[in-house]
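See structure below.
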Amino acid sequence: MTLALSEQPTTPAALTPAAYSVPTPAGAAHVQYIPAPHGAPADAPRVFTVINAVMRDTVPVGKDQVNAQQRYKFRGIDDLMSAVAGPMRMHGLFILPEVAEQSAERRGEKMTTVRLTMRYYLYGPAGDALVATVPGEAADFADKATNKAMSASMKYLLLQVLMIPVDARSIDDGDRDHPAEPTEQQRAERAAQQRRRAERQQPRGQRSQQLRRSSRAEAGPWEQPPQQAPVGPPRDFLAEATAAPSPEAFATVRAAAVEAGAPADYLARLDAIAAQKRTAAQQPQRPREPQPSRPDQERAALLGEMYDAARAAGLVDNAEADETFANRYGLQPGEASSDQLREMRDDLLDHARAAGGAQ
1345 MTLALSEQPT
1355 TPAALTPAAY
1365 SVPTPAGAAH
1375 VQYIPAPHGA
1385 PADAPRVFTV
1395 INAVMRDTVP
1405 VGKDQVNAQQ
1415 RYKFRGIDDL
1425 MSAVAGPMRM
1435 HGLFILPEVA
1445 EQSAERRGEK
1455 MTTVRLTMRY
1465 YLYGPAGDAL
1475 VATVPGEAAD
1485 FADKATNKAM
1495 SASMKYLLLQ
1505 VLMIPVDARS
1515 IDDGDRDHPA
1525 EPTEQQRAER
1535 AAQQRRRAER
1545 QQPRGQRSQQ
1555 LRRSSRAEAG
1565 PWEQPPQQAP
1575 VGPPRDFLAE
1585 ATAAPSPEAF
1595 ATVRAAAVEA
1605 GAPADYLARL
1615 DAIAAQKRTA
1625 AQQPQRPREP
1635 QPSRPDQERA
1645 ALLGEMYDAA
1655 RAAGLVDNAE
1665 ADETFANRYG
1675 LQPGEASSDQ
1685 LREMRDDLLD
1695 HARAAGGAQ
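With my numbering applied, the sequence shown covers 1345 to 1703.
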């Protein structure tokens, strides 16, 4: 983006940033400043004063946005722009962006990563300006990588130049020198996600064997995290009670649960299953509803795996996954074929593994 000042008789040298070297304990800090053009009002406030006034009038912006996959809160670009728009209009400050450098890199067949350097001119009412250079980086499956990179660059320009405050209690992993120690619940959830990813990468025969071996690797079925409940028995007595063909078989399952040390509330759930089975046995038999076909079941499973892969790749929620899918195939995931869902899932997993390896 190029700025043209055709109506003011200024020389080209007046628009050239003046570089200043300011000594600091860490070394020289370089500042670029464009003086006010010839004929600017002498009483018009200079950009330094205007930035200070905008800083005073900008309200705090809390970390109200949530990244569910990485479990941290952050401040979105829309929230920051809404906070500074009023003070900037009031004091006559505006920002002129310019792309200084840009590069794009393809990762896999679909993912595009864009890295750019934005140069921002912060102009005050007198026409003078400060120049700030900020990098930005983003990745996307469609055509929005450049937009996301520019948004990231603008976000940190506003944060670092205007020092937009945030409530101290909102500080999280994104603002710490060292990440906070994850909770026990977070460790358990991450372990479960890693097991699911490993199972999806195994052949079907090995996957079913692994599922049988690790079906009771997690806590007992009556435990409700994050409450600290006693470790449950290694058997799924709820499933066995549901499948019991007779009252005698149910009594055997319940006795085994008591012997294994199941708590009272879990035994009550077993008794509720028995009561439901007795009620169902007393009612007349109804014709069975048609079961979904195997292709429908496969598509439903692939749809769930695609959403899991989208979260692993860093997409915020299912809505962003739907938008990415629609940009690629021209239809919503619910209307897609099994092959399309499988292809999208595999590409997302490849991107998640590549991002993890880069870190």
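Glycine residues also receive a C-beta, built at the ideal position from the N, C-alpha and C atoms. The structure presented is a predicted model; accordingly, all values stated were derived computationally and were not measured.
For this session: Return the first residue and the last residue of the beta strand (DSSP E) that Q1409 is part of.
Result: Residue numbering aside, residue 1409 sits at position 65 when the sequence shown is read from its first letter. Per DSSP, Q1409 belongs to the beta strand (DSSP E) from Q1409 to N1411.
For this session: Return helix, strand or coil for R1450, following the three-state DSSP convention.
Result: To locate residue 1450, count along the sequence shown from 1; it is residue 106. Residue state, collapsed to three classes: strand.
Problem set entry | Residue burial classification, L1685 (beta-carbon count within 10 angstroms, cutoff 16) | The residue labelled residue 1685 in the question sits at position 341 within the sequence shown. It is buried - the Cβ of L1685 has at least 16 other Cβ atoms within 10 Å.
Exercise. In terms of DSSP beta bridges, what is E1481 paired with?
Worked result: As a first step, residue 1481 is located in the sequence shown; it is residue number 137 there, counting from the start. Partner(s): R1459.
For this session: Taking K1417 as part of the beta strand (DSSP E), name the residues at either end of that continuous run.
Result: Taking the first residue of the sequence shown as position 1, residue 1417 is located at position 73. First-last of the beta strand (DSSP E) with K1417: Y1416 to F1418.
Problem set entry | Any 3 or more C-beta pairs closer than 8 Å across the region 1670 to 1686 and the region 1475 to 1494 | yes
For this session: Could you spell out where the alpha helix (DSSP H) holding S1497 opens and where it closes?
Result: Numbered from its first residue, the sequence shown carries residue 1497 at position 153. First-last of the alpha helix (DSSP H) with S1497: A1489 to L1506.
Exercise. So, are the CB atoms of A1473 and A1388 less than 7 Å apart?
Worked result: Numbered from 1 along the sequence shown, position 129 holds the residue referred to as residue 1473. Numbered from 1 along the sequence shown, position 44 holds the residue referred to as residue 1388. No, the pair does not count as a contact, with Cβ atoms beyond the cut-off.
Exercise. Does the distance from the CB of L1693 to the CB of A1665 come in under 7 Å?
Worked result: Residue mapping note: residue 1693 aligns to position 349 of the sequence shown, counting from 1. Residue mapping note: residue 1665 aligns to position 321 of the sequence shown, counting from 1. The answer is no: Cβ separation not under 7 Å.
Exercise. With burial defined as no fewer than 16 other Cβ atoms inside 10 Å of the residue's Cβ, what is the status of P1628: buried or exposed?
Worked result: By 1-based counting over the sequence shown, the position of residue 1628 is 284. Its Cβ having fewer than 16 others within 10 Å, P1628 is exposed.
Problem set entry | Counted within 10 angstroms of its Cβ, other Cβ atoms place R1450 as buried (16 or more) or exposed | In the sequence shown, counting from the first residue as 1, residue 1450 sits at position 106. The residue is exposed, with fewer than 16 neighbouring Cβ atoms inside 10 Å.
Exercise. Should V1458 be counted as a contact of the ligand SAM given a C-beta to heavy atom distance under 6 Å?
Worked result: With respect to the ligand SAM, the structure shown offers nothing to examine, as it has no ligands at all.
Exercise. Do the region 1453 to 1465 and the region 1423 to 1435 touch if we need at least three Cβ pairs shorter than 8 Å?
Worked result: no
Exercise. Tell me the DSSP bridge mates of P1441?
Worked result: Counted from its first residue, the sequence shown places residue 1441 at position 97. BP columns for P1441 point to Y1464.
Exercise. How close, in whole Å, do the beta carbons of V1510 and K1621 come, if the pair is a contact with beta carbons under 8 Å?
Worked result: By one-based count along the sequence shown, residue 1510 stands at place 166. By one-based count along the sequence shown, residue 1621 stands at place 277. Their Cβ separation, rounded to whole angstroms, is 55 Å, which puts V1510 and K1621 out of contact at 8 Å.
Exercise. According to the Cβ coordinates, are S1497 and V1475 closer than 7 Å?
Worked result: Position 153 of the sequence shown, counted from the first residue, corresponds to residue 1497. Position 131 of the sequence shown, counted from the first residue, corresponds to residue 1475. Contact flag unset, no.
Problem set entry | From T1393, F1581 and Q1641, residue whose alpha carbon lies closest to that of Y1467 | Your numbering for residue 1467 matches position 123 in the sequence shown. Selected option, being the one with the closest Cα: T1393.
Problem set entry | Proximity winner among A1604, V1597, M1432 and E1687, relative to D1615 (alpha-carbon distances) | Taking the sequence shown and counting its residues from 1, one reaches residue 1615 at position 271. For the residues A1604, V1597, M1432 and E1687, the minimum Cα distance to D1615 belongs to V1597.
Exercise. Just checking my contact of V1398 with I1508 at CB under 8 Å: how many whole Å lie between their CB atoms?
Worked result: Numbered from its first residue, the sequence shown carries residue 1398 at position 54. Numbered from its first residue, the sequence shown carries residue 1508 at position 164. Contact flag wrong, Cβ pair sits at about 10 Å.
For this session: State yes or no: is the C-beta of A1657 within less than 7 Å of the C-beta of A1698?
Result: Taking the first residue of the sequence shown as position 1, residue 1657 is located at position 313. Taking the first residue of the sequence shown as position 1, residue 1698 is located at position 354. One thing to note: A1657 has its Cβ no nearer than 7 Å to the Cβ of A1698.
For this session: Reducing DSSP to helix, strand and coil, say where V1575 ends up.
Result: For the purposes of this step, residue 1575 is taken as the residue at position 231 of the sequence shown. Unreliable positioning characterises V1575 in this predicted model, as indicated by a pLDDT of 47, which lies under 50. The coordinate reading is nonetheless provided below. Reduced to three states, the DSSP call for V1575 is coil.
Exercise. In whole angstroms, what separates the C-alpha of A1618 from that of V1403?
Worked result: Locating residue 1618 in the sequence shown gives position 274, counting from the first residue. Locating residue 1403 in the sequence shown gives position 59, counting from the first residue. Cα-Cα distance, rounded: 59 Å.
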